[in-house]
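Colleague: Line by line, the protein sequences give chains A and B. Taken in order, the first sequence gives residues 2 to 367; the numbers are from this note's numbering. Taken in order, the second sequence gives residues 2 to 367; the numbers are from this note's numbering. Once you've had a glance at the structure underneath, I'll fire off some questions.
Protein chains: 2
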Amino acid sequence: MHEPQRVRIQRETLERFCQRVFEALALCEEDAWIAAAVLVAADARGIPSHGVARLRRYVDGLRMGLMRPDAPIETLSDTPTSVLVNAHGAMGAPVSYRTMRSVIEKARAAGAAFGCVRDSNHFGIAGYYAMMALPEDMIGFAMTNSAPLAVPTFGRHMMTGTNPIAFAAPAHEEKAFVLDMSTTVVTRGKIEVYDRLGKELPEGWAVDPEGRTARDAGSLLQAMTDRVGGGILPLGGAGELLGGHKGYGLSVMVDILCGVLSGGAFGRGLYDTATSMARVAHFFGAIRIDAFRDPLAFRHDMDDMLRQLREAPPVAAEDRVYFAGQKEFEREAEALSQGVAVLSQTYEEICAIGDEQGVPAPEALG
Amino acid sequence: MHEPQRVRIQRETLERFCQRVFEALALCEEDAWIAAAVLVAADARGIPSHGVARLRRYVDGLRMGLMRPDAPIETLSDTPTSVLVNAHGAMGAPVSYRTMRSVIEKARAAGAAFGCVRDSNHFGIAGYYAMMALPEDMIGFAMTNSAPLAVPTFGRHMMTGTNPIAFAAPAHEEKAFVLDMSTTVVTRGKIEVYDRLGKELPEGWAVDPEGRTARDAGSLLQAMTDRVGGGILPLGGAGELLGGHKGYGLSVMVDILCGVLSGGAFGRGLYDTATSMARVAHFFGAIRIDAFRDPLAFRHDMDDMLRQLREAPPVAAEDRVYFAGQKEFEREAEALSQGVAVLSQTYEEICAIGDEQGVPAPEALG
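What follows is the structure in structure tokens.
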């Protein structure tokens, strides 16, 4: 496969550009900054599926009123260790950032705290919020439910979302451990890539409306859109032989902590309509490390663990073993020195959005 | 495959028998009762791998001093939302039960709480402790690390354990959602079953010392015992195509919350020697539902979710879709009416243990 064309843009330049676009769509300065920072963090960390390639969807959502820039953020309950927020259809990132900030403040006082947000929208990479705990000597968690895309074990209709789990724990000399994973084998975006390339789907990714292995990406995506059966398999694949019931269980766990605990939408009750986006729900958590032991001793042990993992002998076909988050930190360091890499096609798209909104294009490097 | 012979024993009879065996090995009455209750719960819920079939290992561990019946349980730190305990080589179940009980009491006062136990031993089914939260209108968590059995993604040496995650959330008319899953594709016990049957291992379960698909269970088990490479694959299988890096990440997450957060042993530092068992570490958590919303409303939504899942249309080859814990609750109801099913071979083994320890055999039903 030939390498697609990319441009490099300074991280701050790209953030500022996105911020101005969001401001042009009536977000207040701080909300616009948060939404931009979360979006660009995905590109910087090498997760372009959640980066500025999504700007068009956010812009359309805001323009059409599916996401509300002026939504009143309502606190439904508040205790020393918990907070529950109704976002009333706001953008996902600003309300999520503020809720995780509040969870961290509560954990600082109480030792541990959790927060839920309901009636929200897509919040970007879950790992962003979990990582907010790292400089605070805390362990961070973030999860979200999503419109159903995954079939349960033995089932053939989509019942749960890709429902990601993010978990972050700090180290000292090593970078942090940052797990940010969907609880399905793959996400819808991967199926879309195979559709564009005309490639047959691998065994173990998805099933058709009758529950057989789905091979054709195009007809699978159509069936998923029409909600007539068929969908992505939970982590572990079809049936129980390879542990598919475990991935299915994890996706339901996420839906309980996000959708049910918040009193929001869950399961099949969660999907886009013409006048509303899915109104997803999120779950955030933070635990103070010093509630258990000295944080520096914890960080030294983390160094030891992460080194053991990345120095583990690889199989013949691979160069090395990674720990979760390692590749993303390497990409982020590269983005710092060389600029954030964005596909040329995506760059053209966001420049066109800038044009529409009266925001000058972000300058490409070199 | 023909159905193996089983006997049925009243649950309380079996519990009382195990309790007396543990008392004969110098456990105090309450510790012996807890250890027995956790062990028999596994058989009652249809998880015989963690049930009385393990009694021999516990008895040997206690007799040889690898598990200490008189270990001083030391509280290393204690806050309103956390507790850290050093079990100093005690049996896993009694110290785990008491720590989860303490976590629940703390959560009752503070809204949420967590506990770690280090230098412990095998604690039985993780789900037992998570389920202790259910009658308290709380969500429960339990995890444990274990001696390394799993290779990391792209690796070929065992670096993490089967590291189970248990999560329990209550419903109202439906049974609770109880997830209790190892973060590997399978556990060592499954490999042992294939070895006894002389069956070839399925693709995607384990790799040999060079990192290729392991097919022969016997030589794999030998390589694992000798720690020369080879091991079980993380949930999601080999490489990244089917999400193996996610299962790997989850197993490290469990090791961080158990081993690192407790200051105990983790990763490759955790294995049995001639004079000591692995000294595993556990993590427990409880969150009060009413810190977020009315527990009864939560339970009604759980009913709705669990019904939707178990009524989802199945694929052609299956009768129905389950939710996590459903099969185990059905087994438990059966055990209540007909007695706990135990393999005849296991029954003979535990009767022999009773003989050795001067405890009359548990009476089999009908």
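Here a beta-carbon is modelled for each residue, glycine too, at the ideal position from N, C-alpha and C.
#1: Does DSSP put M68 of chain B in a helix, a strand or coil?
#2: Compare the beta carbon distance of V341 of chain B and R58 of chain B with 8 Å and say whether it is the shorter of the two.
#3: If you follow the alpha helix (DSSP H) that G248 of chain B is in, where does it begin and where does it stop?
#4: With a Cβ-Cβ cutoff of 8 Å, do L221 of chain A and V186 of chain A count as a contact?
#5: Just checking: is the beta-carbon of D302 of chain B within a distance shorter than 8 Å of some beta-carbon in chain A?
#6: On a Cα-Cα basis, can you pick out the residue from B:L344, B:S83, B:G205 that is closest to S263 of chain B?
#7: Do we get a CB-CB distance below 8 Å when we pair S263 of chain A with the residues of chain B?
#8: Could you check which residue in B:S338, B:C352, B:G359 has the C-alpha nearest to that of A45 of chain B?
#9: Output the distance between the C-alpha atoms of L150 of chain A and G162 of chain A, rounded to the nearest integer angstrom.
#10: Give the DSSP-derived three-state secondary structure of A167 of chain A in the structure shown.
#11: Can I10 of chain A and V343 of chain A be called in contact, C-beta distance under 8 Å?
#12: In the DSSP assignment, the beta strand (DSSP E) including C29 of chain A goes from what residue to what residue?
#13: Go ahead and label T76 of chain B buried or exposed: buried means 16 or more other beta carbons lie within 10 angstroms of its beta carbon, across all protein chains shown.
#14: Between the segment 318 to 332 of chain B and chain C, which residues of the former have CB atoms less than 9 Å from a CB of the latter, in chain order?
#15: If we require 4 or more residues per run, which alpha helix (DSSP H) segments fall completely within the segment 317 to 351 of chain B?
#16: What number of angstroms, rounded off, separates the C-alpha of I192 of chain A from the C-alpha of L202 of chain A?
#17: Per DSSP, what kind of secondary structure is A215 of chain B in: helix, strand or coil?
#18: Sort out for me which residues DSSP pairs C117 of chain A with in a bridge.
#19: Nearest by alpha-carbon distance to G240 of chain A: which of A:T214, A:G219, A:P73 is it?
#20: Below 7 Å between beta carbons is the criterion; list the residues of the segment 74 to 100 of chain B that meet it against any residue of chain A, in chain order.
#21: Would H246 of chain A and T154 of chain A be called neighbours here (beta carbons separated by less than 8 Å)?
#22: Leaving out five residues before and five after V261 of chain A in sequence, what residues of the same chain have Cβ atoms less than 7 Å from its Cβ?
#23: Which residues mark the beginning and the end of the alpha helix (DSSP H) in which D302 of chain B is found?
#24: Based on Cα-Cα distance, which residue from B:G230, B:E364, B:Y195, B:A325 lies nearest to D217 of chain B?
#25: So within the segment 93 to 168 of chain B, which uninterrupted beta strand (DSSP E) runs reach at least 3 residues, ignoring any that extend past its ends?
#26: Taking 8 Å as the cut-off, decide whether the C-beta atoms of E211 of chain A and A318 of chain B are in contact.
#27: From the DSSP output, which residues share a beta bridge with E75 of chain B?
#28: Cα separation between R197 of chain B and D273 of chain B?
#29: Is M139 of chain B near I105 of chain B, with beta carbons less than 8 Å apart?
#30: Between S103 of chain A and the rest of its own chain, which residues show a CB-CB distance below 7 Å, the 5 nearest in sequence each way excluded?
#31: Identify the continuous beta strand (DSSP E) that holds V179 of chain B and give its terminal residues.
#32: Give every residue of the same chain whose Cβ lies closer than 7 Å to the Cβ of V322 of chain B, excluding the five residues on either side of it in the sequence, and list them in chain order.
#33: Name the residue from B:P73, B:G244, B:R189 whose alpha carbon lies nearest to the alpha carbon of S147 of chain B.
#34: Determine whether the Cβ of R269 of chain A lies closer than 8 Å to any Cβ atom of chain B.
#35: In or out: V360 of chain B buried (at least 16 other Cβ within 10 Å) or exposed?
#36: Closer than 8 Å, CB to CB, is A134 of chain A near chain B or not?
Modeller: The relevant details are as follows:
#1: In the three-state reduction of the DSSP assignment, M68 of chain B falls in the coil class, being assigned neither a helical nor a strand state.
#2: The answer is no: Cβ separation not under 8 Å.
#3: Start and end: 245 to 256.
#4: No, the pair does not count as a contact, with Cβ atoms beyond the cut-off.
#5: D302 of chain B counts as touching chain A.
#6: The option with the nearest alpha carbon to S263 of chain B is B:S83.
#7: It does: the Cβ of S263 of chain A has a partner Cβ on chain B nearer than 8 Å.
#8: The option with the nearest alpha carbon to A45 of chain B is B:S338.
#9: Computed Cα separation, rounded: 5 Å.
#10: The answer is strand: DSSP assigns A167 of chain A an E or B state.
#11: A contact, by the Cβ cut-off of 8 Å.
#12: Careful: C29 of chain A lies outside any beta strand (DSSP E) and carries neither H nor E.
#13: By the neighbour-count definition (other C-beta atoms within 10 Å, threshold 16), T76 of chain B is an exposed residue.
#14: Looking at the structure shown, chain C is missing, and the protein chains on hand are A and B.
#15: As far as the segment 317 to 351 of chain B is concerned, its whole alpha helix (DSSP H) runs of at least 4 residues are 327 to 339.
#16: Roughly 8 Å separates the two Cα atoms.
#17: Secondary structure at A215 of chain B: coil, using DSSP grouped into helix, strand and coil.
#18: In DSSP, C117 of chain A forms a bridge with A:L85, A:F284.
#19: Considering only alpha carbons, the answer is A:T214.
#20: Contacts with chain A (Cβ-Cβ distance below 7 Å) from the segment 74 to 100 of chain B involve S78, T80, P81, T82, S83, L85, listed in chain order.
#21: Taking 8 Å as the Cβ cut-off, H246 of chain A and T154 of chain A qualify as a contacting pair.
#22: Result list for V261 of chain A: F267, in chain order.
#23: The continuous alpha helix (DSSP H) containing D302 of chain B extends over residues 296 to 311.
#24: Nearest C-alpha to D217 of chain B: B:Y195.
#25: Secondary structure within the segment 93 to 168 of chain B: the beta strand (DSSP E) runs of 3 or more consecutive residues, fully enclosed, are 113 to 121, 139 to 145 (chain order).
#26: Going by beta carbons, E211 of chain A and A318 of chain B fall outside the 8 Å limit.
#27: According to DSSP, E75 of chain B bridges with B:N87.
#28: Straight-line Cα distance between these residues: approximately 23 Å.
#29: M139 of chain B is a Cβ neighbour of I105 of chain B, given a cutoff of 8 Å.
#30: The answer, listed in chain order, is V84, G116.
#31: Segment 178 to 182, the beta strand (DSSP E) holding V179 of chain B.
#32: Within the same chain, V322 of chain B has close Cβ partners L310, R311, A313, P315.
#33: Of the candidates B:P73, B:G244, B:R189, the one whose C-alpha sits nearest the C-alpha of S147 of chain B is B:R189.
#34: In terms of beta-carbon proximity, R269 of chain A lines the interface with chain B, with at least one pair separated by less than 8 Å.
#35: Burial call: buried.
#36: So, not an interface residue.
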